[in-house]
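Report on one structure; see the data block that follows.
2 protein chains.
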Amino acid sequence: MTSSVIRIDPKLDLVLERDIDVPVELVWKAWTTPEHLREWFVPKPWTVTECEIDLRPGGMFRTTMRSPQGEEFPNLGTYLEVTPNERLIFTDTLLPGYRPSPKPFFTAVLELTRKGNGTHYKAIAIHGNAETRKSHEDMGFHDGWGTVVEQMVAHIKKQAP
Amino acid sequence: MTSSVIRIDPKLDLVLERDIDVPVELVWKAWTTPEHLREWFVPKPWTVTECEIDLRPGGMFRTTMRSPQGEEFPNLGTYLEVTPNERLIFTDTLLPGYRPSPKPFFTAVLELTRKGNGTHYKAIAIHGNAETRKSHEDMGFHDGWGTVVEQMVAHIKKQAP
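What follows is the structure, encoded as structure tokens:
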């Protein structure tokens, strides 16, 4: 169930939903542990070269993505809500310690709901205006976020005993 | 004690500290109840004409300030941390529901520490760059925030039995 403070606006926001056949606990671990996150967080052949996680409100969420040509793209943001196995909210609008960011773009809400032995996976990208939504869509939100969910599920299954 | 996620940077941030002779519980109530907040939140003869509070992370914090000439200034932001009688963090960098704001300016941290029958009151304004800090200082941060603490203490004492 979507957090009651989150109000999705179809004109401003983007949503991706999937039913996946891995348990919420392993999805949570994949999202919140650097060594797991690096393996699936960007569509291959892009890679994550750095990942730092301080999993608490106001704590750091930092990644560096590397293109196949070797160009690096750092991302720095902070967590807003951390409810294990249920909800993770982070933003690049604030830096760690809630300092206003020089490059505000969006807030991400990840919501996990147990469904049998699997998970209903819902990712919401919240933007401040229609232009930002459109640029995110044009950057390939649906394909990109969809691809990484598949990569995440494959990574989780590879780890399973 | 300042929250461990908050890192004050003197080049970017502004801090106001006071020892005041009213208990933390009444300071908390003055900050989190619209009918009390309206009475002290802006330096008189300015007034607060509207105040809406949804006291939870992601919840609305909205005020409208009115100048002696009758001009109105709306402010809209959201709470980030709500720890009763201890710590309140809010920002105008995000709107309610964590939506990126069109007018990001600062994050405010209020920290209350019990001291005898009174309170050590610490307010921190966190900015993204030195220019924003300077404009906040030029707007009268120290006088303004100092004045409203005095107004708050006087309001609380007036309410006391």
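In order, the protein sequences belong to chains L and Z.
So the number in the numbering used here is just where the residue sits in the first sequence, counting from 1, plus 375.
So the number in the numbering used here is just where the residue sits in the second sequence, counting from 1, plus 375.
Cβ coordinates follow ideal geometry from the N, Cα and C atoms, glycine included.
State the beta-bridge partners of G452 (chain Z) as determined by DSSP. Mapped onto the second sequence, residue 452 (chain Z) falls at position 77. Answer is Z:F436.
Does any CB atom of chain L fall closer than 8 Å to the CB of V390 (chain Z)? Indexing the second sequence from 1 puts residue 390 (chain Z) at position 15. Not one chain L Cβ lies under 8 Å of V390 (chain Z).
May I ask you to list, following chain order, the residues of the stretch 498-511 of chain L that have a beta carbon less than 8 Å from some beta carbon of chain Z? I501, H502, G503, N504, T507
According to DSSP, is E447 (chain L) part of a helix, a strand, or is it coil? Residue mapping note: residue 447 (chain L) aligns to position 72 of the first sequence, counting from 1. E447 (chain L) falls in the strand class under three-state DSSP.
Would you be able to state if there are at least three C-beta pairs under 8 Å between the stretch 497-504 of chain Z and the stretch 474-484 of chain Z? yes
Ignore the nearest five residues each way along the sequence and tell me which others in M527 (chain L)'s own chain have a CB closer than 6 Å to its CB. In the first sequence, counting from the first residue as 1, residue 527 (chain L) sits at position 152. A405, W415, listed in sequence order.
Whether G495 (chain Z) touches D384 (chain Z) by CB criterion (8 Å): What you label residue 495 (chain Z) is simply residue 120 of the second sequence in a count that begins at 1. What you label residue 384 (chain Z) is simply residue 9 of the second sequence in a count that begins at 1. Before going further, note that residue 495 (chain Z) is His rather than Gly in the sequence given. Against a cut-off of 8 Å, the Cβ pair of D384 (chain Z) and H495 (chain Z) comes out as no contact.
Nonlocal neighbours in the same chain, by C-beta distance under 8 Å from K386 (chain Z), ignoring five residues either side: In the second sequence, residue 386 (chain Z) corresponds to position 11, counting from 1. The answer, listed in chain order, is A505, R508.
Within 8 Å (strictly less), CB to CB, does G472 (chain L) reach chain Z? Numbered from 1 along the first sequence, position 97 holds the residue referred to as residue 472 (chain L). Yes, its Cβ sits closer than 8 Å to a Cβ of chain Z.
What would DSSP say about R508 (chain L), mapped onto helix, strand or coil? Working through the first sequence from its first residue, we reach residue 508 (chain L) at position 133. Reduced to three states, the DSSP call for R508 (chain L) is helix.
Helix, strand or coil at D513 (chain L) [DSSP, three-state]: Indexing the first sequence from 1 puts residue 513 (chain L) at position 138. Helix at D513 (chain L).
C-beta contact flag for M440 (chain L) and E427 (chain L) at 8 Å: Looking up residue 440 (chain L) in the first sequence gives position 65. Looking up residue 427 (chain L) in the first sequence gives position 52. No, the Cβ-Cβ distance between M440 (chain L) and E427 (chain L) is not below 8 Å.
Any C-beta of chain Z within less than 7 Å: which residues of the stretch 440-469 of chain L qualify? L455, E456, I464, T466, T468, L469
Taking E392 (chain L) as part of the beta strand (DSSP E), name the residues at either end of that continuous run. Stepping through the first sequence from its first residue, residue 392 (chain L) is reached at position 17. Per DSSP, E392 (chain L) belongs to the beta strand (DSSP E) from 389-395.
Boundaries of the beta strand (DSSP E) in which H502 (chain L) is found, first to last residue: Counted from its first residue, the first sequence places residue 502 (chain L) at position 127. Unbroken run through H502 (chain L): none, as it is neither H nor E.
Check distances from the C-beta atoms of the stretch 478-495 of chain Z to those of chain L and list, in chain order, the residues that come in under 9 Å. P479, F480, F481, T482, V484
By alpha-carbon positions, which one of Z:R413, Z:G452, Z:G519, Z:Q534 ends up nearest to V390 (chain Z)? Here residue 390 (chain Z) refers to the residue found at position 15 of the second sequence. Ranking the options by Cα distance to V390 (chain Z), first place goes to Z:G519.
Return yes when the Cβ of V423 (chain Z) is within less than 8 Å of the Cβ of L412 (chain Z), no when it is not. For the purposes of this step, residue 412 (chain Z) is taken as the residue at position 37 of the second sequence. For the purposes of this step, residue 423 (chain Z) is taken as the residue at position 48 of the second sequence. Cβ distance < 8 Å, so L412 (chain Z) and V423 (chain Z) count as in contact.
Residue burial classification, H517 (chain Z) (beta-carbon count within 10 angstroms, cutoff 16): For the purposes of this step, residue 517 (chain Z) is identified with residue 142 of the second sequence, where counting begins at 1. Counting Cβ neighbours within 10 Å, H517 (chain Z) comes out exposed, since fewer than 16 surround it.
For P475 (chain L) versus G472 (chain Z), is the C-beta spacing smaller than 8 Å? Reading the first sequence from its first residue, position 100 is the one you call residue 475 (chain L). Reading the second sequence from its first residue, position 97 is the one you call residue 472 (chain Z). Contact flag unset, no.
By the three-class DSSP mapping on this structure, what secondary structure does T377 (chain L) have? Your numbering for residue 377 (chain L) matches position 2 in the first sequence. Three-state result, T377 (chain L): coil.
From the beta carbon of R413 (chain L), is the nearest beta carbon of chain Z less than 8 Å away? The residue you call residue 413 (chain L) lines up with position 38 of the first sequence. Not closer than 8 Å to any Cβ of chain Z, the Cβ of R413 (chain L) fails to qualify, so no.
By how many angstroms is the C-alpha of I464 (chain Z) removed from the C-alpha of P443 (chain Z)? Counting from one through the second sequence, the residue named residue 443 (chain Z) turns up at place 68. Counting from one through the second sequence, the residue named residue 464 (chain Z) turns up at place 89. Their Cα atoms are separated by approximately 29 Å.
Closer than 9 Å at the beta carbon, the chain Z residues around R382 (chain L): Counted from its first residue, the first sequence places residue 382 (chain L) at position 7. In chain order: P471, G472, R474.
Spell out whether any CB of chain Z is found under 8 Å from the CB atom of R431 (chain L). Within the first sequence, numbered from 1, the residue matching residue 431 (chain L) stands at position 56. Yes - at least one Cβ of chain Z is within 8 Å of the one on R431 (chain L).
Taking the DSSP output, what are the residues bridged to F480 (chain Z)? Start at 1 with the first residue of the second sequence, and residue 480 (chain Z) comes out as number 105. None, per the DSSP bridge assignment.
How would you label R431 (chain Z), buried or exposed, when you count the other beta carbons within 10 angstroms and need 16 or more for buried? In the second sequence, the residue the question calls residue 431 (chain Z) occupies position 56. Looking at its Cβ environment, which holds fewer than 16 other Cβ atoms inside 10 Å, R431 (chain Z) is exposed.
Tell me which residue opens and which closes the alpha helix (DSSP H) that V399 (chain Z) is part of. Counting from one through the second sequence, the residue named residue 399 (chain Z) turns up at place 24. Start and end: 399-407.
For T438 (chain Z), count the other beta carbons within 10 Å of its own beta carbon; 16 or more makes it buried, fewer makes it exposed. Which is it? Within the second sequence, residue 438 (chain Z) is the residue found at index 63, counting from 1. Buried, because 16 or more other Cβ atoms sit within 10 Å of the Cβ of T438 (chain Z).
With a CB to CB cut of under 6 Å and the five nearest residues on each side skipped, what residues in its chain are close to L401 (chain Z)? Counted from its first residue, the second sequence places residue 401 (chain Z) at position 26. Only I531 meet the Cβ criterion.
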